[in-house]
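For reference, the structure is listed below as structure tokens.
In the numbering used here, the protein residues as written are -2 to 333.
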């Protein structure tokens, strides 16, 4: 029954009968007997949001030069072994014009790891006496950056060798404020013997940048971003009060004024530990319900489709039935 109604809803959306299609999705969700049905309903709404025509906002930015310098910001805290792997992926970049800023957010000493990197001559280390949080650490590094573009490499993530080149080539000579590449979500287990990959999948992305979908959820990890520094300064940097999801909040602020460019290159790895998937966000001391409601209230939208998609997505996240490691309908995690 649910499958038939979702199929009918899809037909309505395709015929531009959005109100009727949304009514059918709501009916399915009211009578859903499993989280899987709710996920399928959200997947259909996600498709509809992604299919909305682009805004085509006019940009007053000057064209970016042909050889943009990229500042790569690497926040870290007490993950020395992972940091070494992240820096190794940075050292292997084919794009030459970059600098790296490692911000140790009040954690264990990492001088030896930075000094051992093949890219040590391009790296600057900023040590914070106490932990200020990831948002503040990133903001300090942004203020210290000398590049025209900003990229972000968390200490547990990795760049593919062509990542910075893909961003630079997509952005140079354009008036775009920001871009993001495709990336893989990698599930791993970490023990005394090292890091063990359990599986990976290509993270979901719409056919092109979708502001309506971004109003509901973030679908691009910071490891995939390339942002013009003047735009992030104008947007105000990361919100240091938002306890988490501050990356999504920044994109919502940034895209009030500018669209983003989707780069089809799959050139980065967003890595998750097995424990992160087993534990819900709330069990790890975070409150997704309050944070998401606060972000939704800060960025209101009168569209009925967005409003219901937000309600459904919030329920899926808070109930533990949707996470970064949860494949979207039709996707699958490839076992290592």
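Don't be surprised by glycine CBs; every beta carbon is placed ideally from N, CA and C.
Residue i versus residue j: straight-line alpha-carbon distance, rounded
{"i": "residue 276", "j": "residue 85", "result": "Confidence at residue 276 is low in this model, with a pLDDT of 41, below 50, so the placement of that residue is unreliable and no value is reported for it."}
{"i": "residue 10", "j": "residue 310", "result": "19 Å"}
{"i": "residue 125", "j": "residue 185", "result": "29 Å"}
{"i": "residue 147", "j": "residue 136", "result": "11 Å"}
{"i": "residue 6", "j": "residue 205", "result": "23 Å"}
{"i": "residue 52", "j": "residue 265", "result": "27 Å"}
{"i": "residue 0", "j": "residue 208", "result": "28 Å"}
{"i": "residue 35", "j": "residue 224", "result": "34 Å"}
{"i": "residue 234", "j": "residue 131", "result": "12 Å"}
{"i": "residue 97", "j": "residue 71", "result": "7 Å"}
{"i": "residue 61", "j": "residue 316", "result": "44 Å"}
{"i": "residue 175", "j": "residue 221", "result": "11 Å"}
{"i": "residue 37", "j": "residue 44", "result": "11 Å"}
{"i": "residue 249", "j": "residue 243", "result": "10 Å"}
{"i": "residue 73", "j": "residue 217", "result": "20 Å"}
{"i": "residue 116", "j": "residue 95", "result": "10 Å"}
{"i": "residue 150", "j": "residue 13", "result": "41 Å"}
{"i": "residue 282", "j": "residue 64", "result": "The pLDDT assigned to residue 282 is 48, lower than 50, so where the model puts this residue is not dependable; a value taken from the coordinates is nonetheless given after this. Rounded to whole angstroms, residue 282 to residue 64 spans 43 Å at the Cα level."}
{"i": "residue 57", "j": "residue 255", "result": "10 Å"}
{"i": "residue 314", "j": "residue 285", "result": "7 Å"}
{"i": "residue 241", "j": "residue 247", "result": "11 Å"}
{"i": "residue 69", "j": "residue 159", "result": "14 Å"}
{"i": "residue 189", "j": "residue 308", "result": "41 Å"}
{"i": "residue 17", "j": "residue 228", "result": "40 Å"}
{"i": "residue 141", "j": "residue 237", "result": "17 Å"}
{"i": "residue 161", "j": "residue 226", "result": "15 Å"}
{"i": "residue 39", "j": "residue 3", "result": "10 Å"}
{"i": "residue 297", "j": "residue 167", "result": "31 Å"}
{"i": "residue 114", "j": "residue 93", "result": "16 Å"}
{"i": "residue 8", "j": "residue 118", "result": "58 Å"}
{"i": "residue 203", "j": "residue 232", "result": "24 Å"}
{"i": "residue 200", "j": "residue 300", "result": "26 Å"}
Whole-angstrom C-beta distance between residue j and residue i, which should lie under 8 Å
{"i": "residue 155", "j": "residue 82", "result": "6 Å"}
{"i": "residue 67", "j": "residue 144", "result": "5 Å"}
{"i": "residue 103", "j": "residue 77", "result": "Contact doesn't hold; Cβ gap of about 14 Å is too wide."}
{"i": "residue 263", "j": "residue 192", "result": "So it is not a contact: roughly 20 Å between Cβ atoms."}
{"i": "residue 101", "j": "residue 129", "result": "Not quite, the Cβ-Cβ distance comes to about 11 Å (not below 8 Å), so this is no contact."}
{"i": "residue 59", "j": "residue 318", "result": "Not a contact, Cβ separation roughly 45 Å."}
Residue span of the beta strand (DSSP E) that contains residue i, given as start and end
{"i": "residue 193", "result": "191 to 199"}
{"i": "residue 252", "result": "Note, residue 252: premise wrong, no beta strand (DSSP E); not H, not E."}
{"i": "residue 206", "result": "Premise fails: residue 206 is in no beta strand (DSSP E) and is neither H nor E."}
{"i": "residue 73", "result": "67 to 73"}
{"i": "residue 58", "result": "No beta strand (DSSP E) contains residue 58, which DSSP labels as neither H nor E."}
{"i": "residue 309", "result": "No beta strand (DSSP E) contains residue 309, which is instead part of the alpha helix (DSSP H) from 301 to 315."}
{"i": "residue 149", "result": "146 to 149"}
{"i": "residue 260", "result": "257 to 270"}
Top-ranked residue by Cα proximity to residue i, from the options
{"i": "residue 55", "options": "98, 20 and 173", "result": "173"}
{"i": "residue 105", "options": "75, 236, 79 and 31", "result": "75"}
{"i": "residue 219", "options": "268, 119 and 108", "result": "268"}
{"i": "residue 212", "options": "25, 20, 2 and 47", "result": "47"}
{"i": "residue 30", "options": "44, 237, -2 and 14", "result": "-2"}
{"i": "residue 165", "options": "119, 91 and 180", "result": "91"}
{"i": "residue 153", "options": "49, 99 and 123", "result": "99"}
{"i": "residue 181", "options": "188, 157, 238 and 306", "result": "157"}
{"i": "residue 120", "options": "88, 133, 140 and 134", "result": "88"}
{"i": "residue 270", "options": "197, 149, 94 and 240", "result": "197"}
{"i": "residue 15", "options": "305, 230 and 32", "result": "305"}
{"i": "residue 177", "options": "298, 252 and 19", "result": "252"}
{"i": "residue 21", "options": "318, 41 and 162", "result": "41"}
{"i": "residue 183", "options": "195, 297 and 298", "result": "195"}
{"i": "residue 239", "options": "17, 133 and 3", "result": "133"}
{"i": "residue 50", "options": "200, 232 and 210", "result": "210"}
{"i": "residue 245", "options": "228, 19, 302 and 288", "result": "288"}
{"i": "residue 187", "options": "32, 200, 79 and 39", "result": "79"}
{"i": "residue 302", "options": "8, 4 and 19", "result": "19"}
{"i": "residue 138", "options": "203, 201, 230 and 114", "result": "230"}
Residue span of the alpha helix (DSSP H) that contains residue i, given as start and end
{"i": "residue 1", "result": "-1 to 11"}
{"i": "residue 86", "result": "77 to 88"}
{"i": "residue 222", "result": "Unbroken run through residue 222 is the beta strand (DSSP E), 222 to 225; no alpha helix (DSSP H)."}
{"i": "residue 161", "result": "160 to 168"}
{"i": "residue 106", "result": "That residue, residue 106, is in no alpha helix (DSSP H); it is neither H nor E in DSSP."}
{"i": "residue 417", "result": "Look at the range of the chain in this structure, -2 to 333, and you will see that residue 417 is not part of it."}
{"i": "residue 138", "result": "131 to 140"}
{"i": "residue 16", "result": "15 to 27"}
{"i": "residue 286", "result": "285 to 295"}
beta-carbon residue i near the ligand COA non-hydrogen atom, thresh 8 Å
{"i": "residue 230", "result": "As for the ligand COA, it is missing from this structure, which has no ligand bound."}
Below-9 Å beta-carbon distance, residue i vs any chain D residue
{"i": "residue 8", "result": "No chain D is present in this structure, which holds just one protein chain."}
Original post:
Using 8 Å as the threshold, is the region 253 to 264 in touch with the region 109 to 118, meaning 3 or more CB pairs across them?
Top reply: no
Original post:
Are at least three pairs of beta-carbons, each pair with one atom in the region 17 to 26 and one in the region 284 to 292, less than 8 Å apart?
Top reply: no
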